[in-house]
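In what follows, a single structure is set out as structure tokens and then discussed.
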Amino acid sequence: TIAPRIDAVFDLNALIGDDEREWQLRARRFAQERILPVIEGDFEAAHFRREFVRELGGLGLLGMHLTGYGCAGAGAVSYGLVCLELEAADSGWRTFVSVQGSLAMSAIHKYGSEAQKQRWLPGMAAGELVGCFALTEPHGGSDPAGMTTTARRDGDSWVIDGAKRWIGLASEADVAVVWAKVDETDAGGGAVRGFLVPTSTPGFIATPIDGKLSMRASVQCDIALDGVRVSDEALLPGASGLSGPFSCLNEARYGIVWGAMGAARSCLEAALSRATSREVFGKPIGANQLIQAKLADMFVEVEKGILLALHLGRLKERGALTPAQISVGKLNSVREALTIAHEARSILAGDGITNAWPVMRHAANLESVRTYEGTDEIHQLILGRELTGLSAF
Ligand code: TGC
């Protein structure tokens, strides 16, 4: 259960519907009963627990905000609450749901042909198939316009050459949404286009990246694309240009706005538990003004972050959410969650660096969350451009 004092001050339940609460509790149960008992061991062993994928599918959490093709058609707030509860357990599992539902499935749902949707989406919603989203390249993720992966026409086929990096779940995936620049003379005339590449295609090699000190219960990969030949049916017909992948990033960034607040809430809970149970100088450390000030500041940012996420969710449900608003949320949620994790660690003192508490794991994970889907700096510059009308890119 969530520390009652955290839940009570702002009555979030009063702001959400019964169906939204049901989605939230479904995800919370999975997080608490399935993820939490094993996560410290999985993080330590760098183990991705593949069997959870079908369970998440069975709960309807994969592509839950999409309609048709076995997807639940849930609202944006319901999806956000699910992200919050999963990331309260571990960012790796919220990341999986984001990559599968917000990136890979969204790309197919938004831009795929009817045949592509029928082929991939029901299995992905059920957790029988895994997807990944191959946009970022080894030279860096901030400027996808500079991508060097190409797709050229060869008879009735497309041949894709290049490399991708930091691609979540690529070595687990059945299908990769690969973004590549096509030749000037081909369909789209030099634009970035998306291809649905079965990962069993010769020339597609995904290699998990070793040595990560963050997101260890999740998988991120290098992908080599060496003369990968796919048929015309692999081309996503509805996307031409970077607005295609960027609109999928909007979906994933939206989930992070909520998710990071889940990690932050867990860190606050840990700090609160410690503050009321550990005694120093003859009284609980939480009776000290300095500790209370830290707890109050952490609590203020968790509540502000959740209320902002809820506001953005309601805008999204009305079709009124803009990329700049998503940048406000992504920048704020992750930045504040990291600060909260660091403050919680200080309240836990030496024990805070051990895996007896989840705080260092969350802090380490949040370093990845801060970096992917647009770094802090990218979101600052998106907002700077919004405010000044001047692009710093
Ligand atoms: P520019 O390159 O000029 O714009 C190109 C076109 O895209 C449109 N656009 C958007 N459309 C929808 N939503 C957005 N948020 C959009 N942002 C831009 C834009 O209107 C234009 O359309 P058109 O029709 O005129 O061609 O881009 P820009 O100058 O507007 O933006 C530059 C910048 C820096 C904001 C953009 O490049 C950016 O967002 N960079 C960060 C990219 C990023 O987040 N990369 C990390 C991806 S994470 C990942 O790949 C791993 S997936 C997760 C996992 O596998 O674990």
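Number 75 in UniProt numbering belongs to position 73 of the sequence shown; there are no gaps in the numbering. The C-beta atom is built at its ideal place from N, Cα and C for all residues, glycine as well.
In whole angstroms, what is the alpha-carbon distance linking residue i and residue j?
i	j	result
serine 93	glycine 157	43 angstroms
glycine 164	alanine 226	6 angstroms
glycine 62	arginine 96	14 angstroms
serine 275	arginine 30	19 angstroms
arginine 154	aspartate 176	23 angstroms
leucine 105	proline 286	46 angstroms
alanine 109	proline 239	11 angstroms
isoleucine 349	threonine 356	13 angstroms
glycine 229	arginine 28	44 angstroms
phenylalanine 12	serine 268	16 angstroms
serine 220	alanine 48	7 angstroms
phenylalanine 135	glycine 103	10 angstroms
arginine 372	aspartate 378	6 angstroms
glutamate 46	glutamate 345	23 angstroms
glycine 142	proline 124	33 angstroms
alanine 236	methionine 149	20 angstroms
serine 329	leucine 323	11 angstroms
isoleucine 162	alanine 128	29 angstroms
residue 396	leucine 270	Because residue 396 is not part of the residues shown, which for the chain are 3 to 395, the question remains open.
proline 325	tyrosine 81	18 angstroms
aspartate 9	phenylalanine 283	30 angstroms
threonine 138	valine 101	13 angstroms
alanine 78	glycine 376	21 angstroms
alanine 241	threonine 152	16 angstroms
histidine 381	phenylalanine 248	13 angstroms
residue 2	alanine 254	The requested residue 2 is not part of the displayed model; the chain covers only 3 to 395.
isoleucine 169	glutamate 281	45 angstroms
glutamine 294	alanine 339	18 angstroms
residue 1	alanine 358	Look at the range of the chain in this structure, 3 to 395, and you will see that residue 1 is not part of it.
proline 204	glycine 72	30 angstroms
alanine 91	glutamine 327	26 angstroms
valine 40	phenylalanine 54	11 angstroms
phenylalanine 395	glycine 192	21 angstroms
Which whole-angstrom value is the C-beta distance of residue i and residue j, which I expect to be below 8 angstroms?
i	j	result
glutamate 89	glycine 264	4 angstroms
glutamate 22	arginine 36	Between arginine 36 and glutamate 22 the Cβ distance is about 21 angstroms, and since that is not below 8 angstroms, they are no contact.
alanine 262	leucine 297	The pair is not a contact, with the Cβ atoms about 19 angstroms apart (cut-off 8 angstroms).
leucine 171	histidine 111	So it is not a contact: roughly 18 angstroms between Cβ atoms.
aspartate 224	arginine 167	5 angstroms
What are the boundary residues of the beta strand (DSSP E) that residue i is part of?
i	result
alanine 153	152-156
tryptophan 181	177-184
arginine 195	194-200
threonine 209	206-210
Looking at the strands, I want to know which residues DSSP matches up with residue i.
i	result
isoleucine 162	Ala153, Val230
isoleucine 169	Cys223
cysteine 134	Ala178
alanine 241	Paired residue(s): none; alanine 241 is not in a bridge.
threonine 69	Ala74
The alpha helix (DSSP H) spanning residue i covers which residue range?
i	result
leucine 389	378-390
histidine 49	Premise fails: histidine 49 is in no alpha helix (DSSP H) and is neither H nor E.
glutamate 24	20-32
alanine 16	Note, alanine 16: premise wrong, no alpha helix (DSSP H); not H, not E.
threonine 341	325-350
serine 100	Neither: serine 100 is in no alpha helix (DSSP H) and is coded neither H nor E.
proline 360	First-last for proline 360: undefined, no H or E at that position.
arginine 121	116-128
tyrosine 113	108-113
histidine 313	291-319
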